[in-house]
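Colleague: In full-length UniProt numbering, the protein residues as written are 1 to 287. The structure's right below; bear with me while I get my questions together.
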């Protein structure tokens, strides 16, 4: 009995040994792919530029299904009434009565969406290179899944609804540079309000700043930014509350993708990429 057991165990080891040898190179290759490398500035600039161009191209290539978008807007508005959160029109009219405030919000909506996001990417690149690739992946995955929403669920923003008396603040105050006014509106899909990437991107910025900044007031600003963005998108009648929820769900998907690929949340990765082994991350460095 004892000899049979020993023989069986030895045979099992002999059968298992070749499998572990075969798997080792694949595991090492996967580990190398997942390990963040020191980002190269030229590559990052090119990647971000091409990615945003592709995003804009696909978003604007989605057919502007006006009738369906307006029908979906009516449905969203009805649902919010049932939920007791349909206060967008009240906020829109109240803020519009203060000219300097609503004009400031119009420019906020048109510019900070890009400026702050790029600023956070540059900050990550310079100060947190070990976390840069994973955090950038969150942003890219969030934006990619948003394109699916634009294609399958066309939605008119409140300002384009008929019969609901929302104020199109950009048109009324003739805000320069907005993709929602003048000739520029023809360059952007006006019926891609769900999900709100103003919320998806601003929350990505806010969480990144809050998690990684060392100065308390900067961390507080990180949390304030998406909260203020939420007020702006509603006050300017560019989005419903539920569009913001859609943006948050897209961001959650982005974090899930990064977590699955890197095996950890981006902010838990080492801050620096230690020189050596091709510039890959070799060991944790205290933030």
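Note that CB positions come from ideal geometry on N, CA and C, so glycine has one too. Note that the structure is a prediction, hence the values are computed from the model and not measured.
Once DSSP output is grouped into helix, strand and coil, what is the label at residue 192?
Modeller: DSSP, reduced to helix, strand and coil, places residue 192 within a strand of the structure shown.
Colleague: What is the rounded straight-line gap between the Cα of residue 148 and the Cα of residue 173?
Modeller: One C-alpha to the other measures close to 32 angstroms.
Colleague: Please report the Cβ distance between residue 95 and residue 244, rounded to the nearest whole angstrom; I am assuming they are in contact, meaning their Cβ atoms lie under 8 angstroms.
Modeller: With a Cβ gap of about 17 angstroms, residue 95 and residue 244 do not count as contacting.
Colleague: For the alpha helix (DSSP H) containing residue 150, list its first residue and its last residue.
Modeller: 129 to 152
Colleague: Inspect the beta-carbon positions of residue 204 and residue 138 and report whether they are closer than 8 angstroms.
Modeller: yes
Colleague: For residue 131, count the other beta carbons within 10 Å of its own beta carbon; 16 or more makes it buried, fewer makes it exposed. Which is it?
Modeller: buried
Colleague: By DSSP, does residue 21 sit in helix, in strand, or in coil?
Modeller: The pLDDT assigned to residue 21 is 43, lower than 50, so where the model puts this residue is not dependable, and the model offers no usable value.
Colleague: According to DSSP, what are the bridge partners of residue 155?
Modeller: 192
Colleague: Between the Cα of residue 81 and those of 164, 219, 271, 251, spot the shortest distance and give me the residue it belongs to.
Modeller: 164
Colleague: Note the first and the last residue of the continuous alpha helix (DSSP H) segment covering residue 87.
Modeller: Premise fails: residue 87 is in no alpha helix (DSSP H) and is neither H nor E.
Colleague: Could you tell me if residue 270 is buried or exposed, where buried requires 16 or more neighbouring beta carbons within 10 angstroms of its beta carbon?
Modeller: The residue is buried, with at least 16 neighbouring Cβ atoms inside 10 Å.
Colleague: Report the rounded CA-to-CA distance for residue 253 versus residue 247, giving the unit in angstroms.
Modeller: 10 angstroms
Colleague: In this structure, does DSSP put residue 279 in helix, strand or coil?
Modeller: Reliability of the predicted coordinates at residue 279 is poor, the pLDDT of 47 falling under 50, and no value is obtained from them.
Colleague: Return helix, strand or coil for residue 270, following the three-state DSSP convention.
Modeller: Residue 270 falls in the coil class under three-state DSSP.
Colleague: Just verifying my parser: in three-state terms, what is the DSSP assignment at residue 290?
Modeller: Past the edges of the chain, shown from 1 to 287, lies residue 290, and the structure says nothing about it.
Colleague: In three-state terms, what does DSSP make of residue 202?
Modeller: helix
Colleague: If we count the other Cβ atoms within 10 Å of its Cβ and call it buried at 16 or more, is residue 142 buried or exposed?
Modeller: buried
Colleague: State the DSSP-derived secondary structure class of residue 253, mapped to helix, strand or coil.
Modeller: In this structure, residue 253 counts as helix in the three-state DSSP scheme.
Colleague: Give a yes or no on contact between the region 153 to 170 and the region 68 to 78, applying the rule of three or more CB pairs nearer than 8 angstroms.
Modeller: yes
Colleague: Are residue 237 and residue 154 closer than 8 angstroms when you measure CB to CB?
Modeller: no
Colleague: For a test of the three-state rule: what should DSSP assign to residue 74, helix, strand or coil?
Modeller: helix
Colleague: For residue 84 and residue 47, I'd like the C-alpha separation in whole angstroms.
Modeller: 43 angstroms
Colleague: Can you tell me whether DSSP reads residue 111 as helix, strand or coil?
Modeller: helix
Colleague: Quick one: what does DSSP say residue 165 is sitting in, helix, strand or coil?
Modeller: Residue state, collapsed to three classes: coil.
Colleague: Taking only the alpha-carbon atoms, compute the straight-line gap between residue 214 and residue 112 and give it to the nearest angstrom.
Modeller: 23 angstroms
Colleague: Which residue's Cα is closest to the Cα of residue 221: 230, 210, 231?
Modeller: 210
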